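In this note's numbering, the protein residues as written are 9 to 140.
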């Protein structure tokens with residue numbers, strides 16, 4: 009097995025799923041990976057009820073929120089392929105030295121969309137490759 013190609017395939021599959029899943033499925037799967045509170049934080053809502061409503065289709069997140077959630081999903085799926093759910097959640101919430109000690113979740117939520125997604129993705133690939 010090609011050890012370089014396997015992570016690349018995993019990353020490409022995560023990307024494909026992130027851009028093609030319906031929002032309801034995306035939110036439900038992201039909630040399973042990260043928990044409702046972290047998804048609510050990423051979505052800039054105060055209550056987890058909004059996350060449940062996004063998942064069941066009774067409420068729609070804004071386009072900007074969907075973009076952030078798609079980025080978070082891609083990254084979470086990549087990390088979850090190698091790490092337990094708890095590690096993935098901790099990675100999103102903890103200070104990250106590759107992100108100037110800002111948590112990936114905070115950067116995705118508050119940072120400029122293009123820059124934040126790119127920087128958090130790079131930090132995730134580094135963590136997946138080295139475990140650090």
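All C-beta atoms, glycine included, are put in the ideal place defined by N, C-alpha and C.
Being a predicted model, the structure only gives us computed values, none of them experimental.
Residue i and residue j closer than 8 angstroms at C-beta
i: residue 63; j: residue 56; result: no
i: residue 117; j: residue 34; result: no
i: residue 96; j: residue 41; result: yes
i: residue 46; j: residue 101; result: yes
i: residue 92; j: residue 31; result: no
i: residue 89; j: residue 18; result: yes
Residues near residue i by beta carbon distance below 6 angstroms, same chain, minus five either side
i: residue 85; result: 22
i: residue 81; result: 26, 34, 38
i: residue 109; result: 103
i: residue 125; result: 79
Neighbourhood of residue i by C-beta distance below 7 angstroms, restricted to the same chain and skipping five residues each side
i: residue 9; result: Low per-residue confidence applies at residue 9: pLDDT is 45, beneath 50, and the placement is therefore not dependable enough to give any value.
i: residue 73; result: 51, 52
i: residue 65; result: 32
i: residue 127; result: 107, 115
i: residue 20; result: none
8 angstroms CB neighbourhood of residue i in its chain, flanking five on each side removed
i: residue 44; result: 56, 59, 60
i: residue 111; result: 100, 101, 102, 103, 104
Cross-strand partners of residue i (DSSP beta bridge)
i: residue 3; result: Limits of the chain in this structure are 9 at one end and 140 at the other, which puts residue 3 out of reach.
Nearest-angstrom beta carbon gap, residue j and residue i [assumed within contact, 8 angstroms]
i: residue 106; j: residue 129; result: The Cβ separation is near 11 angstroms, so there is no contact.
i: residue 132; j: residue 87; result: 6 angstroms
i: residue 2; j: residue 75; result: The question about residue 2 has no answer, for the chain in this structure spans 9 to 140.
> Which runs of the alpha helix (DSSP H), 4 residues or longer, sit entirely within the segment 36 to 100?
Replying inline: 44 to 50, 56 to 64, 71 to 88
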